[in-house]
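Asks:
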Amino acid sequence: MTTVLLLLLLAVGAYLVAVVEDWTVSGRFRLAAPVLAGIALLGRESIVPRKPDRIFFEVAPFLLLVSAILGAAVVPLTPDLIITDMATGALFINAALVYVLVALLMAGWGPDGAYAMIGGWRFLGQLIAYAMLIVMPITAVVMRAESLLTTQVVVSQAGVWNIIYQPLGFILFFIAAMALAFLPPFDLTTSKGELAGGVEAEYTGVRLAVFRLGRLALIITLAAATVIFYLGGWQGPLLPPWAWSTIKILAVTTIMLLAGRYMPRIREADLLAWCWMLGIPLALLNILLVGVLVLVFP
Amino acid sequence: MIAGARQGRPSALRRLVAAAMARDLGTFIIPGPDIARTHGLDIEATGLHRVTSPRHASVLLVIGAIPPSLRESAAVVYAQMARPRVLFVLGTDKLFPLPAADVMADLSQQELIKGVRQLRSAFAEGAFYPEVSDFDAPVLQVRIEYTCPMHPEIVRDEPGSCPICGMNLVLREAQAKAGHLHIDHQEMGASMDMETASTHAHGSHHSIDHGAPVEYTCPMHPEVVQDEPGSCPKCGMDLEPRNAPAESNHEHHHMTHDEPVEYTCPMHPEVVQDEPGSCPKCGMDLVPRDIPAESSHEHHHMAHDEPVEYTCPMHPEVVQHEPGSCPKCGMDLEPRETQNKQSHKHSGMDHNGMDSDMDHSSMDHGDMAFMSMIDVTKDLPRSGDGLPMEWIEAPFGPFFPGLPSGLLLTLTLDGDTVAGSNARSLIENGELLQSSSMDTGSFVERLTSFDPLAPVAYRYLACRVLENVAGMDVSANTANARIGALERERIASHLGWLALFAQQTGFDWLMRRTTSLQLKFQHADLEQIVALKPAILTLTKRLQRTPLLKSRMAGIGLLARDATLRGPVARATGIGDDARSTDKVYTTLGFKTVSRKTGDALARLHVRLDEIIHSLALIEAAGAIELPVPTIIGEVSGTGEAVVETPRGVARLRLTLEMGKVTTAQLDTPSTHHLALINPLIEQQELGDALLAVGSLDLSPWEVRQ
Amino acid sequence: MTAQMFFIGFFGLAGVWFGIVVFRTFSMVRSALALLFSQTAIGAMFLSMQAEFLGVLQIMMMATEMSIMAIFMVMFMMDPGGLGEMDMTHQKRLSLGAGIVSFMAAVAVAVFVDWGPLASVSPDAAQQTIDLGLELLGRSMLIFETAGITILTAMIAATAVAIQPVKRTREQ
Amino acid sequence: MSIELLLALITGAALFGVGIYGALSQTNLVMIMMGIELILAGAMVNLVAFWRYLHPDNPAGQMFVLIIMTVMAIEMAVGFGVAIARFRAKGSVEMEEAAELKG
């Protein structure tokens, strides 16, 4: 029952994200736009390129969607509203979202097109940059919570939210989350100006619809993860827990979608260099600081 | 009904879907948004949203008359679009090989809006139709041929195995020999790999391919293959047609094929002859290969006209410039190109490689025929860092979103590094004179339409040169007003470049801002321009503060000072080269040359931004804006020359007039020089950096002269 | 047949099947991804054996590792798409024999050894994680730290080996 | 004798066998590494099964699995390092061509 409810919520969330994304792109707030776009995609031809790796080509969009949904499975909206409260939840989000990489590699290799293939391999480089910056800040978060349970992580922020307790970790995680969701300015994989759409370029019709849906689910999952790790999850005054979760998730999503519009795309070489030469030392420093804080203010 | 309707009986549900589709029209613009803006069209304002991949487009919007070679590319784009698709044409009726337009309108914003309305209703009604015909055009004809993945020189008409390495030959497309005009097949890929382009052209659902046997296979069980349609014995799904044999083919060595063929020995590459036969050394059958195919692969690391030297096959240290025999073993010396040895260090030319060659050739015993990777890859090109990834030849353009439209950049990519490139303009804008003698009025009009990205500058140039020939002068007021128009165009052009840059780097805010500013500037009068000044200043300030911008551009596309550079590109390297600085009218208006030192893309951005601001000041000083009108010069004879600083750099025009008619015209344009810079500029660069470097040159393919 | 039995069998079978696919496909990318899914199936098998932390860790680590393997396959193979269907094996009979013999031997040991009394319940997942953490930072600390240092050394060594040698011009 | 344990052990044995076959039969260094990964995976399955069905209360069993994962990572790192160096030098990572490595 909870599962069905949460999947429905995820779908509604994905829809809202689509509306927000349409707003950031077109500058107009149109509630119906995603529905129209979705129907239009379903009505159009779904082309298979001439020499695809058929299995990869077909599986990739679904793998993207599934991995995003699996990631969402351990995110609590309220103390009880969670699909499965795994004992290793904080790690599991990360494990599920690694398959985004696999999906993009498959989508890149599958259609046998130059743009798509380069887009796919680019994401592998991107993963090498951001992966550590997902895991290390989460480590600091679970150090404070003394548990990998996502619900426990939220409860641990009852006094002070992690965004104040470990701001450094928040910044790193937020940037890495945007890179994981390949949102601009990290959209090296699907870049329009450099690869004419990259991995998306060869997908049409229903397959493209699934791919886009997977991406929306991915964005919302990551926003939700940011909320439970750093923004105190469902906690907040006056309003009921579910309302707080919703508000926070939508706010984070909007910031994620908007940020990239005001800067050019990052260079892949810069991304790698900064993540490893600056990001990882900072993440280690963050772990150290949080360790000290946890000992000083138990 | 629209010509690109999707097959299907229009049911109620389908009508609903079509209505939804009509309100969400992804548009692929031909030639590109830069041309749309110069015509003053605001595409997004009409509700069409622009997409960058033809696969995602449902509307193909053709703006204005486009040259035949671009029309062919446009036909490929049209074929790549998913059905239902419509062709929406503004202001031209020369479309072949594109099909007839579904909706036509004139070139203006009102007409565009009206056209979009028509388009929506046509789409809502005609998106589905029971019988649809395939779109076909000569450029889409493909022939299937088979080639070895390792030895691209092996090309056969039938499947089989490679005579060199024994691998199975794999299917690929080659263009039909007949029926194509100027361009090679692979260069036609508008923005998609050509492999995929023509599949769709023949209708992916009912794919019938020309000249290829069709077989039917199960989408889930690729091992199930039969000659006739039916259902899969394993899962019962309907079998789908495909060209035999096409399971998961990844083939990336594109080469041209209608080249002369020569025959060579797989083991002794030095044996080359024009006819089939057997090798005089080992008796193996000679195998055919394309002559230029090989050289095109080798040209990355060696020039073709290398001096030939002669060397002994057994004693590589013996090298001499003339044929003869080896002083050590008496064998005949064999010719080779001088650089060959260096670039193929591990290619079996030296002793170690030679030994392993022999090992393997004598290793025929036993059950396993091992294929040496060193041997089979020795003729393939090596990448700069010694770690080759897949080499792909990918076309970027002529409608690539991150490049000026009309520019075709064919990149040989090693992973995501550019290993080689070939840039050319697909717009054949060669002849300036339509007839042997042309009257001055139509000559001015011809130059006005010469480059749609800078019509005023070329119009001004034509007027100036005519006045020079005639020895006339215009009044100070007129001269100032002309400069006002030219500088206004410079601002608009630089804003257009900023929009391209923003599109390329995914900088949405900048794209939106500069697009609207360019549209406003294009026909603005003096008051409007003064009113727009704060907006420009805010924009430049904003760009100074933009995160990532500096790191994105600094050090990219580095150019040293060079006499071939023109315009802002030259001024970014510190050269104070500007035709305006010697122009009296400009100096009285207070012109100062803007320049930067570093010569990278960032410097070019800054030069252009500074020029925009300086142009604003010049327009204000000029105090009027007026398009250049040709002076009536009468029946003058003589020659004359004029230079004008167009937004892209100095353009120089030399004319001969006889009795008031233009008989010869020589035009030197900045983009012609810049086009030649591309190859060295982007070699060994990461793809994104390479595209940015090309973009930062601000090429106009329209003014490129072969 | 319990659910646990079913899942162990199912994921085990999937793991082995994908493992076989690794060496049966000509496409290098498929090969690497088959290994990925094989490892993922093994991770799922760990989950069904109630080793939650290990399962999740396996699923997470192997995805990255094998994707990197895929790009190396593309780099180092002449025909990564496998379209030439080139044979890249040697001593096939010997290897097949060795594989089957080792499999049989291991199965024989598994079947004929008396494993003694079996535990039917395991600690719950949260407790396991705590136990493992205490183990890592208690009794096994030295091993754990050694492993950490080793992997750091390996990283540095591998980078040093792989980095492009700087060409020094010989000065005479 | 629990069927679960037996199933897991047989899976481990099968993975081990497939891995042995791959490691011995492949000519390419990267493919050989894949074989070794499978061998190690087989070992891991056995270790987890032993921990779960013989000593669930002793976390040292899980500890071993962690060590094997480390070994896998090290194997990858070193293997790829060698592969890159070799490819740069020779243009191939085929074992048949590494004649100087033969005894």
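Chains as they are written, first to last, in our numbering: chain A, 1066 to 1363; chain B, 12 to 717; chain C, -9 to 162; chain D, 16 to 118. Positions of the beta carbon are idealized from the N, C-alpha and C atoms, including for glycine. Values in this document were obtained by computation on a predicted structure and should not be read as measured data.
#1: Which runs of the alpha helix (DSSP H) at least 4 residues long sit entirely within the segment 76 to 126 of chain C? Give them in chain order.
#2: Excluding the five sequence neighbours on either side, which residues of its own chain have a C-beta within less than 6 Å of the C-beta of residue 1266(A), listed in chain order?
#3: Give the interface partners of residue 516(B) over in chain A, defined as CB-CB distance under 7 Å, in chain order.
#4: Comparing the C-beta of residue 47(D) with each C-beta of chain C, is any distance below 8 Å?
#5: For residue 1195(A) and chain C, any beta-carbon pair shorter than 8 Å?
#6: What does the alpha-carbon distance come out to for the pair residue 659(B) and residue 49(B)?
#7: Below 8 Å CB to CB, which residues in the same chain sit around residue 31(D) once its five sequence neighbours on both sides are set aside?
#8: Specify the secondary structure class of residue 158(B) as computed by DSSP and reduced to three states.
#9: Taking just the CA atoms, how far does residue 631(B) sit from residue 666(B)?
#10: Please classify residue 683(B) as buried or exposed, where buried requires at least 16 neighbouring CB atoms within 10 angstroms.
#11: What does residue 1170(A) touch in chain C if you count any residue whose Cβ is under 7 Å from its own?
#12: Near residue 375(B), which residues of its chain fall below 7 Å by C-beta distance, leaving aside the five closest residues on each side in sequence?
#13: For residue 1116(A), which of helix, strand or coil comes out of DSSP?
#14: Does residue 25(D) have its Cβ less than 8 Å from a Cβ in chain C?
#15: What's the call for residue 57(B), buried or exposed, on a 16-neighbour Cβ count within 10 Å?
#16: Sorted by chain position, which residues of the same chain lie with C-beta nearer than 8 Å to residue 1150(A)'s C-beta, five sequence neighbours on each side aside?
#17: Tell me which residue opens and which closes the alpha helix (DSSP H) that residue 1299(A) is part of.
#18: List, from N- to C-terminal side, the alpha helix (DSSP H) runs of 4 residues or more that fit wholly inside the segment 1286 to 1340 of chain A.
#19: Looking at the unbroken beta strand (DSSP E) that takes in residue 404(B), where does it start and where does it end?
#20: Under 8 Å by Cβ, that's how I've got residue 1245(A) and residue 1162(A) pegged, so tell me the actual separation to the nearest angstrom.
#21: For a cutoff of 8 Å on Cβ pairs, would you count residue 149(C) as touching chain D?
#22: Starting from the beta carbon of residue 60(B), find every residue of chain A whose beta carbon is closer than 9 Å, and list them in chain order.
#23: Residues of chain C with a CB under 8 Å from the CB of residue 58(D): which are they?
#24: Do residue 529(B) and residue 495(B) have their C-beta atoms closer together than 8 Å?
#25: Where do the N-terminal and C-terminal ends of the beta strand (DSSP E) with residue 568(B) fall, by residue?
#26: Output needed in chain order: residues of the segment 113 to 126 of chain C with a Cβ under 8 Å from some Cβ in chain D.
#27: Just the C-alpha distance for residue 27(B) and residue 1251(A), rounded to the nearest angstrom, thanks.
#28: Can you tell me which of 73(B), 478(B), 421(B) puts its alpha carbon nearest to the alpha carbon of residue 647(B)?
#29: So, using beta-carbon positions, are residue 716(B) and residue 680(B) closer together than 8 Å?
#30: Terminal residues of the continuous beta strand (DSSP E) containing residue 436(B)?
#31: Pull up the distance between the alpha-carbon of residue -5(C) and that of residue 1306(A), whole angstroms please.
#32: Does DSSP put residue 60(B) in a helix, a strand or coil?
#33: Using a Cβ-Cβ cutoff of less than 6 Å, which residues in the same chain neighbour residue 1070(A) once the five nearest sequence positions on both sides are dropped?
#34: Measure the CB-CB distance between residue 138(B) and residue 110(B) and report whether it falls below 8 Å.
#35: Give me the Cα-Cα distance between residue 314(B) and residue 676(B), rounded to the nearest whole angstrom.
#36: Classify residue 670(B) as helix, strand or coil using the three-state DSSP reduction.
Replies: On the basis of the data shown:
#1: 82 to 102, 115 to 126
#2: Residue numbering aside, residue 1266(A) sits at position 201 when the first sequence is read from its first letter. The answer, listed in chain order, is 1180, 1181.
#3: Sequence index remark: in the second sequence, residue 516(B) carries index 505 (1-based). 1258, 1329, 1330, listed in chain order.
#4: In the fourth sequence, residue 47(D) corresponds to position 32, counting from 1. Chain C, which has no Cβ nearer than 8 Å to the Cβ of residue 47(D), makes this no.
#5: Taking the first sequence and counting its residues from 1, one reaches residue 1195(A) at position 130. No - not a single Cβ of chain C is within 8 Å of the one on residue 1195(A).
#6: Translated into the one-based positions of the second sequence, residue 659(B) becomes position 648. Translated into the one-based positions of the second sequence, residue 49(B) becomes position 38. Using only the alpha carbons, I get a separation of about 15 Å.
#7: Here the question's residue 31(D) lines up with position 16 in the fourth sequence. Here the set comprises 53, 54, 57, 58.
#8: Taking the first residue of the second sequence as position 1, residue 158(B) is located at position 147. Reduced to three states, the DSSP call for residue 158(B) is strand.
#9: Taking the first residue of the second sequence as position 1, residue 666(B) is located at position 655. Taking the first residue of the second sequence as position 1, residue 631(B) is located at position 620. Distance between the alpha carbons of residue 666(B) and residue 631(B): 33 Å.
#10: Numbered from 1 along the second sequence, position 672 holds the residue referred to as residue 683(B). Counting Cβ neighbours within 10 Å, residue 683(B) comes out buried, since at least 16 surround it.
#11: Counting from 1 along the first sequence, the entry for residue 1170(A) is found at position 105. In chain order: 57, 60.
#12: As a working note, residue 375(B) is residue 364 in the second sequence. Note on residue 375(B): pLDDT 35, under 50, position unreliable in the model; the coordinate value appears next. Around residue 375(B): no qualifying Cβ.
#13: As a position in the first sequence, residue 1116(A) is number 51, starting the count at 1. DSSP places residue 1116(A) in coil when its eight states are reduced to three.
#14: By one-based count along the fourth sequence, residue 25(D) stands at place 10. Yes, residue 25(D) lies at the interface with chain C (some Cβ there is under 8 Å from its Cβ).
#15: Walking along the second sequence from the start, residue 57(B) turns up at place 46. Buried, since its Cβ has 16 or more Cβ neighbours within 10 Å.
#16: Position 85 of the first sequence, counted from the first residue, corresponds to residue 1150(A). Excluding positions up to five away in sequence, the list reads 1139, 1141, 1214, 1215, 1216.
#17: Taking the first residue of the first sequence as position 1, residue 1299(A) is located at position 234. Unbroken run through residue 1299(A): none, as it is neither H nor E.
#18: DSSP runs (the alpha helix (DSSP H)) wholly in the segment 1286 to 1340 of chain A: 1306 to 1324, 1333 to 1339.
#19: One-based indexing of the second sequence puts residue 404(B) at position 393. Element bounds for residue 404(B): 402 to 407.
#20: Against the first sequence, residue 1245(A) aligns to sequence position 180. Against the first sequence, residue 1162(A) aligns to sequence position 97. 6 Å between Cβ atoms; contact.
#21: Numbered from 1 along the third sequence, position 159 holds the residue referred to as residue 149(C). Chain D contact via Cβ: present.
#22: Within the second sequence, residue 60(B) is the residue found at index 49, counting from 1. Taking a Cβ-Cβ cut-off of 9 Å, the neighbours of residue 60(B) in chain A comprise 1090, 1091, given in sequence order.
#23: Residue numbering aside, residue 58(D) sits at position 43 when the fourth sequence is read from its first letter. The premise fails here: residue 58(D) is roughly 10 Å from chain C at the closest Cβ pair, so nothing lies under 8 Å.
#24: In the second sequence, the residue the question calls residue 529(B) occupies position 518. In the second sequence, the residue the question calls residue 495(B) occupies position 484. No, they are not a contact pair.
#25: Translated into the one-based positions of the second sequence, residue 568(B) becomes position 557. Premise fails: residue 568(B) is in no beta strand (DSSP E) and is neither H nor E.
#26: 113, 118, 121, 122, 124, 125, 126
#27: For this step, residue 27(B) is matched to residue 16 along the second sequence. For this step, residue 1251(A) is matched to residue 186 along the first sequence. Cα to Cα, the separation comes out at about 37 Å.
#28: Locating residue 647(B) in the second sequence gives position 636, counting from the first residue. Of the listed residues, the one whose Cα sits closest to residue 647(B) is 478(B).
#29: Position 705 of the second sequence, counted from the first residue, corresponds to residue 716(B). Position 669 of the second sequence, counted from the first residue, corresponds to residue 680(B). In this structure, residue 680(B) lies closer than 8 Å to residue 716(B) by Cβ.
#30: The residue given as residue 436(B) occupies position 425 in the second sequence. 428 to 436 is the span of the beta strand (DSSP E), which, as asked, contains residue 436(B).
#31: Looking up residue -5(C) in the third sequence gives position 5. Looking up residue 1306(A) in the first sequence gives position 241. In a straight line, the C-alpha of residue -5(C) is about 40 Å away from that of residue 1306(A).
#32: To locate residue 60(B), count along the second sequence from 1; it is residue 49. Correct three-state label for residue 60(B): strand.
#33: Here residue 1070(A) is taken as the residue at index 5 of the first sequence, counted from 1. Counting only Cβ-Cβ distances below 6 Å, and skipping sequence neighbours, we find nothing.
#34: Counting from one through the second sequence, the residue named residue 138(B) turns up at place 127. Counting from one through the second sequence, the residue named residue 110(B) turns up at place 99. No.
#35: Numbered from 1 along the second sequence, position 303 holds the residue referred to as residue 314(B). Numbered from 1 along the second sequence, position 665 holds the residue referred to as residue 676(B). Caution applies to residue 314(B), whose pLDDT of 36 falls short of 50 and renders its modelled position unreliable; the value that the coordinates give is listed next. In a straight line, the C-alpha of residue 314(B) is about 34 Å away from that of residue 676(B).
#36: As a working note, residue 670(B) is residue 659 in the second sequence. Note: residue 670(B) maps to coil in three-state DSSP.
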